[in-house]
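What follows is a set of notes on a single structure, which appears directly below.
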Amino acid sequence: DPDTDLAPLEFAVTRNLAAKNAAEREEILANPGFGQKFTDHMVDICWSIRGGWHRPRVQPYGPIALDPAAAVLHYGQEIFEGIKAYRHADGSVHTFRPDQNGRRLQRSARRLALPELPVQYFIQSLRELIAVDGSWVPSGDDQSLYLRPFMFAKEAFLGVRPAQKVGYYLIASPAGAYFSGGVKPVTIWLSEDYARAGKGGTGAAKTGGNYAASLLPQSEAYENGCDQVVFLDADRNVEELGGMNVVFVYKDGTIVTPQSPSILEGITRDSILQLAKDRGHKVEAREVSLQEWRDGVASGDIVEVFACGTAAVVTPIGALKSAEFIDEQPIGELALSLREELTDIQYGRREDKHGWLVRL
Ligand code: PMP
1 DPDTDLAPLE
11 FAVTRNLAAK
21 NAAEREEILA
31 NPGFGQKFTD
41 HMVDICWSIR
51 GGWHRPRVQP
61 YGPIALDPAA
71 AVLHYGQEIF
81 EGIKAYRHAD
91 GSVHTFRPDQ
101 NGRRLQRSAR
111 RLALPELPVQ
121 YFIQSLRELI
131 AVDGSWVPSG
141 DDQSLYLRPF
151 MFAKEAFLGV
161 RPAQKVGYYL
171 IASPAGAYFS
181 GGVKPVTIWL
191 SEDYARAGKG
201 GTGAAKTGGN
211 YAASLLPQSE
221 AYENGCDQVV
231 FLDADRNVEE
241 LGGMNVVFVY
251 KDGTIVTPQS
261 PSILEGITRD
271 SILQLAKDRG
281 HKVEAREVSL
291 QEWRDGVASG
301 DIVEVFACGT
311 AAVVTPIGAL
321 KSAEFIDEQP
331 IGELALSLRE
341 ELTDIQYGRR
351 EDKHGWLVRL
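As structure tokens, this is what we get:
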């Protein structure tokens, strides 16, 4: 890895004088919700075509001043990541496979013509923020500090070309148990009218535009009494949900997940598949058509379907609904058992055989 020999950045730290006091913070951590409350500080690193990565800072959390002509506001040149910090019983704070998120941010950057932040700087940015805001990592069951790294084009220029001035930021938001009433199977809406990505498009990148494009189909899902949307490709192969990957469990124990150049390669999915392999399951990443899904459920060949991602970890899919049909999905034990194994590793309750945890 060419990144690993870089000298660490020297962050200038400006403390937030209006930081929440311990009582205010504890009140938020008692009931954090998701993505609504933010810690006292944020990280910011500048990039320019002439100066490279420079001016690394930890500063008070607050508004970012942007020129109205900043390219991101016009052409959406933006990428982001999502990763969590977990508090272990001994008080230490760990994150999960940050090298994978760092690499994925680099792949997204390449597709969006943004500069690639070295993975080493990415991981350092997580450490710098936890160094000042570590007390924001909650310790309750299934709680975590959700870390949101992002990067966007800051240059004030209305020409359509890669920006020559970019900012990388990191903010953090305490997160409670995603499912307050325990993990319940979700109902999925099959989007027939809208696609999330196309061949050669940006589907594999974690870029804002993909999520903007998913909002209208997501409201269609709500109107039809569903929780989430599943997207197909132009050949009616299954892609993914708006923010989670899909996994199918077959009767013979084989686990299948869609392989496609236009989906986001989830780190939760990769980890779950590894844990399944460790248990002796056969694992396949390949095309899965909607027909195979529907036929498999009808014949009993498919015994479980679930979605996975950082925010909600693993969620069983209870039904697939479209304008034409509702297919009830079989519910099994594997999704929840893999979920438990993964979260046990993340929270330090079980041996981390793969060396996935990184102490912050
Ligand atoms: N697909 C999409 C579109 C997503 O936004 C996410 C969340 N990052 C995932 C899949 C799952 O990825 P991960 O397991 O790395 O969170």
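Everything in the sequence shown is counted per our numbering, starting at 1 for the first residue and increasing by one.
Glycine included, each C-beta is placed from N, C-alpha and C at the ideal position.
CA-CA distance, T268 and C308?
6 Å
Report yes if the C-beta distance between G33 and G225 is below 7 Å; otherwise report no.
no
In three-state DSSP terms, what is Q124?
helix
Whole angstroms are fine: how far does the CA of G280 sit from the CA of V256?
14 Å
Note down the Cα distance separating V72 from P162, rounded to an integer number of angstroms.
10 Å
May I ask whether a heavy atom of the ligand COA can be found less than 6 Å away from the beta carbon of E240?
Looking at this structure, you won't find the ligand COA anywhere; what it does contain is the ligand PMP.
Could you pull out every residue in the same chain whose Cβ sits closer than 8 Å to the Cβ of A109, ignoring the five residues on either side in sequence?
I79, P115, E116, L117 and M151
Going by CA-CA distance only, name the one from E223, I317, E24 and R196 that's closest to A234.
R196
Please go through the same chain and pick out, in chain order, the residues whose beta-carbon is closer than 8 Å to the beta-carbon of R25, but skip the five residues on each side of it.
S135 and W136
Is there a Cβ of chain D sitting closer than 7 Å to that of D278, yes or no?
No chain D appears in the structure shown, which is made up of a single protein chain.
Run the CB neighbour count on D133, radius 10 Å, all protein chains shown included, and call it buried at 16 or more, exposed below.
buried
How about the stretch 205 to 225 and the stretch 94 to 113: do they share at least three Cβ pairs that are nearer than 8 Å?
yes
Can you name the residues that DSSP bridges to C308?
N245 and V314
Could you check the C-alpha separation between H354 and D142 for me, to the nearest Å?
21 Å
Check D39 in the structure and name its three-state DSSP category.
Checking the sequence shown, residue 39 turns out to be Thr, not Asp. The answer is coil: DSSP assigns T39 none of H, G, I, E or B.
By Cβ distance below 6 Å, which residues in the same chain neighbour R339 in space, the five residues on each side in sequence not counted?
V313 and V314
Are the CB atoms of F38 and I130 nearer to each other than 7 Å?
no
If I measure Cβ to Cβ from T14 and keep anything under 6 Å in the same chain, skipping five residues before and after, which residues do I get?
Q59
Taking the beta carbon of W356 as the centre, do at least 16 other beta carbons fall within 10 Å, making it buried, or is it exposed?
buried
On the DSSP letters alone, give me the boundaries of the beta strand (DSSP E) that S144 sits inside.
S144 to A153
Below 8 Å CB to CB, which residues in the same chain sit around R237 once its five sequence neighbours on both sides are set aside?
A quick correction: the sequence has Asn, not Arg, at residue 237. Hits under 8 Å: P258, S260, E287, V288, S289 and L290.
Three-state secondary structure assigned by DSSP to S48
strand
Regarding N245 and the ligand PMP, is the C-beta to nearest heavy atom distance less than 6 Å?
yes
Please classify P118: does DSSP put it in a helix, a strand, or coil?
coil
Span of the beta strand (DSSP E) holding D327?
I326 to E328
Integer Cβ distance of G35 from Y194, believed to fall under 8 Å:
Rounded, the Cβ-Cβ distance is 24 Å, inconsistent with contact.
Under a Cβ-count criterion, where at least 16 other Cβ atoms within 10 Å of its own Cβ denotes burial, should L126 be classed as buried or exposed?
buried
Measuring alpha carbon to alpha carbon, tell me which of F96, R50, A70 and E128 ends up nearest L9.
E128
Could you tell me how far apart the beta carbons of N16 and Y61 are, in whole angstroms, since I believe they sit closer than 8 Å?
7 Å
DSSP three-state assignment for W53, whether helix, strand or coil:
strand
Can you give me the Cβ contacts of T254 inside the same chain, cut-off strictly under 8 Å, excluding the 5 residues immediately before and after it?
H281, K282, V283 and E284
Would DSSP call R87 helix, strand or coil?
strand
For K251, write down the residues that DSSP places opposite it in a beta bridge.
BP columns for K251 are empty, so no partner.
Beta-carbon spacing of L190, V230 below 7 Å:
yes
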